[in-house]
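Protein chains in written order, with the numbering used here: chain A, 1 to 459; chain B, 1 to 336. Just below is one structure, and these are the notes that go with it.
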């Protein structure tokens with residue numbers, strides 16, 4: 001049976017082309033790799049090479065023919081030992097090109113939303129009633145790293161100034177002394193490079209903690225965070241996990257202007273393959289960072305420089321670990337739900353105090369994790385309050401508040417008595433001047449005003 | 001180190017490998033060649049989609065380098081990766097089925113031509129972002145050193161990727177921390193359609209580590225024995241704990257950058273001359289015939305054996321079913 005030579009597709013979009021020229025003629029010997037013809041597509045002239053060896057037995061489509069469909073039979077190749085008699089009828093044979101398979105049938109149970117939210121009904125986190133001690137957020141983060149490094153030899157810390165300088169913001173204070181230079185590693189100023197290097201180490205089952213001096217600088221490394229860390233598990237069919245924690249201060253600090261003051265929460269929360277955590281107080285910081293380091297997935301851990309020096313009571317136990325993907329109701333209330341994360345939780349609590357003075361009982365939810373977002377806790381709260389205000393430092397367009405508005409439409413529409421209102425950072429690059437900077441960020445007063453707006457109360 | 005930029009002399013003084021070893025190299029190179037030709041055909045039939053970058057012409061590079069590695073070493077490369085996977089011992093069936101996007105592919109049909117992996121064979125991809133594999137491969141070397149397991153990382157890159165900034169960020173850290181990494185620059189003369197001299201102010205790519213004290217050598221990448229000899233020397237340097245090493249392999253790809261590249265940026269004469277005079281597979285076969293190390297029949301038998309493997313992989317890649325629709329939602333995160 002002669003070998004069928006088919007009209008090839010030479011680009012992802014080609015469906016037909018012109019058979020411009022036969023380079024070989026009938027009777028010529030052909031070896032694998034030999035150019036046998038030239039075809040023209042709408043973009044270019046390309047060569048067709050033989051894949052098999054044999055003798056060109058019969059040309060079925062003469063040169064100059066236009067609109068030759070991809071996969072139609074253009075020639076027959078005689079294999080060793082075959083003669084021309086084998087050609088008889090062969091051109092009648094079905095063009096045996098195995099068609100590309102049909103597109104798969106639509107999923108029987110297509111998920112309604114693109115984001116995989118935890119769907120179970122969460123019990124509120126019980127208040128800690130055991131012993132506590134007072135620590136700063138900075139110390140809580142350091143203790144979390146130290147405890148996980150003691151627990152697992154494969155955990156190491158890498159970043160600019162993390163070792164000898166003890167951390168640009170002193171978060172890694174003392175770690176070099178305890179763990180040595182092998183595990184607490186000062187890098188050159190080379191975010192793209194060391195992020196990629198750490199991801200490579202994680203592919204081989206180490207568990208790096210990568211400190212970015214601030215998340216603003218991680219933009220240099222975003223290709224490795226997304227294309228290498230977040231996507232490789234999927235692209236490898238589940239073979240290449242990436243247990244890595246990227247951490248550092250996010251959002252506005254104080255008077256450092258636009259390039260150093262940006263919230264990346266919605267940027268990273270957009271991406272499947274990542275988990276995104278934004279702790280507020282010391283208890284969050286310790287419990288969630290320990291969970292992040294143990295998690296076998298790439299984690300984006302968004303801290304806040306202004307919070308580092310603030311002190312909070314945290315549970316005084318050996319192993320304080322919080323679940324990723326669970327929000328916490330920091331202040332229960334019945335009149336309006338206010339969601340916030342990171343530093344804005346404190347601002348929202350201040351707003352709740354202002355509202356209380358006016359007889360409005362606000363429930364403040366600390367989101368803690370932005371991906372996966374604990375929509376169950378938020379929806380449950382709105383079923384009680386029927387009103388919601390979302391607070392974030394980041395810009396409004398396609399922000400976390402926008403996602404929450406969508407969640408409300410999808411999961412809580414019938415429970416709402418007013419449209420969700422977003423309180424965001426102003427839609428401007430962060431200014432330097434003190435008065436303008438203050439105007440650019442959410443304040444307790446703006447949050448309280450929004451809460452009154454959704455409550456249809458005059459401000 | 002004062003060795004940066006040194007060129008190897010042709011041939012070298014090493015003893016020629018035994019016939020069995022030479023035939024092994026021949027078999028490996030031919031497998032890559034025939035596999036890629038078949039992949040090109042399946043692409044033409046619409047069975048392989050998207051981008052498909054063939055390795056035809058460059059077979060001696062990966063075959064020669066892999067010849068000096070051990071099972072504990074790690075390998076990573078860019079998107080022109082089919083040959084590297086076959087040379088790492090990955091099955092032709094699984095590679096071809098990934099190209100066709102089927103369940104039996106190495107990534108279950110979810111990665112495609114540019115994104116395949118085998119933890120078992122320590123092949124870490126298959127990366128589609130030009131240059132990204134260089135820091136990643138340096139990280140694999142970091143892991144070898146951290147774990148003190150004696151392995152090294154072989155990180156392949158091309159003459160195009162070598163102008164990416166992250167490559168030098170990685171070179172700096174690799175040298176600073178004396179990481180066990182062998183950087184192979186596969187200089188096939190064209191970054192897509194741009195000739196090396198049109199993109200690189202200095203075309204002596206083996207010198208690119210000079211600022212970081214990384215020794216580098218230029219090697220005839222069309223001769224598997226010269227590749228192997230240079231790789232053996234570099235690997236000995238790295239295993240001795242002396243840090244990274246760069247080998248620039250002067251090679252040539254016969255096909256376009258990808259399947260849809262008409263290759264107008266070079267002449268047919270140039271391509272035909274390389275095929276006729278420098279082909280790595282012909283070169284090894286003819287030298288063995290000349291030296292009486294093997295007869296035509298031996299090569300014919302190997303040709304048939306390889307043709308069978310490739311035909312079976314093509315059949316498998318069409319008979320293996322498409323991924324189950326439920327696979328759309330798996331492997332996004334590791335379950336906790």
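The beta carbon of each residue, even a glycine, is placed where N, CA and C say it ideally should be. These figures come from a predicted structure and were not determined experimentally.
Cβ pair residue i, residue j closer than 8 Å
i, j, result
"residue 69 (chain A)", "residue 16 (chain A)", "yes"
"residue 192 (chain B)", "residue 40 (chain B)", "no"
"residue 153 (chain B)", "residue 180 (chain B)", "yes"
"residue 195 (chain B)", "residue 64 (chain B)", "no"
"residue 306 (chain A)", "residue 254 (chain A)", "yes"
"residue 173 (chain B)", "residue 245 (chain A)", "no"
"residue 108 (chain B)", "residue 323 (chain B)", "yes"
"residue 200 (chain A)", "residue 135 (chain B)", "yes"
"residue 81 (chain A)", "residue 334 (chain B)", "no"
"residue 54 (chain A)", "residue 79 (chain A)", "yes"
"residue 157 (chain A)", "residue 185 (chain A)", "yes"
Chain B within 8 Å of residue i, Cβ atoms only
i, result
"residue 198 (chain A)", "yes"
"residue 240 (chain A)", "yes"
"residue 9 (chain A)", "yes"
"residue 62 (chain A)", "no"
"residue 213 (chain A)", "no"
"residue 260 (chain A)", "no"
"residue 308 (chain A)", "no"
"residue 113 (chain A)", "Here residue 113 (chain A) scores only 47 on pLDDT, less than 50, and its place in the model should not be relied on; the value that follows carries that caveat. Judged by the 8 Å Cβ criterion, residue 113 (chain A) is not in contact with chain B."
"residue 49 (chain A)", "yes"
"residue 33 (chain A)", "yes"
"residue 234 (chain A)", "yes"
"residue 413 (chain A)", "no"
"residue 295 (chain A)", "yes"
"residue 223 (chain A)", "yes"
"residue 193 (chain A)", "yes"
"residue 83 (chain A)", "no"
Which of helix, strand or coil DSSP assigns to residue i
i, result
"residue 4 (chain A)", "strand"
"residue 461 (chain A)", "This structure cannot settle anything about residue 461 (chain A), because the visible part of chain A is limited to 1 through 459."
"residue 322 (chain A)", "coil"
"residue 472 (chain A)", "One cannot answer for residue 472 (chain A) here, as it falls past the ends of chain A, which runs 1 to 459."
"residue 158 (chain A)", "strand"
"residue 212 (chain A)", "coil"
"residue 374 (chain B)", "With chain B represented from 1 up to 336, any question about residue 374 (chain B) goes unanswered, as that position is not in the structure."
"residue 126 (chain B)", "coil"
"residue 362 (chain A)", "strand"
"residue 276 (chain B)", "helix"
Chain A within 8 Å of residue i, Cβ atoms only
i, result
"residue 84 (chain B)", "no"
"residue 107 (chain B)", "yes"
"residue 73 (chain B)", "no"
"residue 34 (chain B)", "yes"
"residue 135 (chain B)", "yes"
"residue 115 (chain B)", "yes"
"residue 138 (chain B)", "yes"
"residue 77 (chain B)", "no"
"residue 331 (chain B)", "yes"
"residue 94 (chain B)", "no"
Terminal residues of the beta strand (DSSP E) in which residue i lies
i, result
"residue 185 (chain A)", "184 to 186"
"residue 74 (chain B)", "74 to 76"
"residue 385 (chain A)", "Looking at the DSSP string, residue 385 (chain A) is not in any beta strand (DSSP E); the run it does join, the alpha helix (DSSP H), is 375 to 385."
"residue 70 (chain A)", "Unbroken run through residue 70 (chain A): none, as it is neither H nor E."
"residue 315 (chain A)", "311 to 315"
"residue 340 (chain A)", "336 to 340"
"residue 56 (chain B)", "Note, residue 56 (chain B): premise wrong, no beta strand (DSSP E); not H, not E."
"residue 247 (chain A)", "245 to 249"
First and last residue of the uninterrupted alpha helix (DSSP H) at residue i
i, result
"residue 307 (chain B)", "296 to 319"
"residue 190 (chain A)", "Taken as a continuous stretch (DSSP letters only), residue 190 (chain A) belongs to no alpha helix (DSSP H), as it is neither H nor E."
"residue 25 (chain B)", "19 to 44"
"residue 196 (chain B)", "196 to 199"
"residue 137 (chain A)", "137 to 151"
> Is it a yes or a no for the stretch 86 to 94 of chain B touching the stretch 118 to 125 of chain B, going by three-plus beta-carbon pairs under 8 Å?
Replying inline: Yes, since at least three Cβ pairs between the stretch 86 to 94 of chain B and the stretch 118 to 125 of chain B fall closer than 8 Å, the two stretches touch.
> Three or more C-beta pairs closer than 8 Å, one from the stretch 60 to 75 of chain B and one from the stretch 100 to 107 of chain B: is that the case here?
Replying inline: No: fewer than three Cβ pairs fall under 8 Å.
> Within the chosen definition, does the stretch 326 to 335 of chain A reach the stretch 177 to 185 of chain A through at least 3 CB pairs nearer than 8 Å?
Replying inline: No, they do not touch.
>> When you compare the stretch 390 to 398 of chain A with the stretch 332 to 342 of chain A, are there three or more beta-carbon pairs, one atom per stretch, that lie closer than 8 Å?
In response: Touching, yes, given that three or more Cβ pairs across the two stretches are closer than 8 Å.
> Taking one C-beta from the stretch 398 to 409 of chain A and one from the stretch 363 to 378 of chain A each time, how about it: are there three or more such pairs within less than 8 Å?
Replying inline: Under the Cβ criterion (8 Å, minimum of three pairs), the stretch 398 to 409 of chain A counts as touching the stretch 363 to 378 of chain A.
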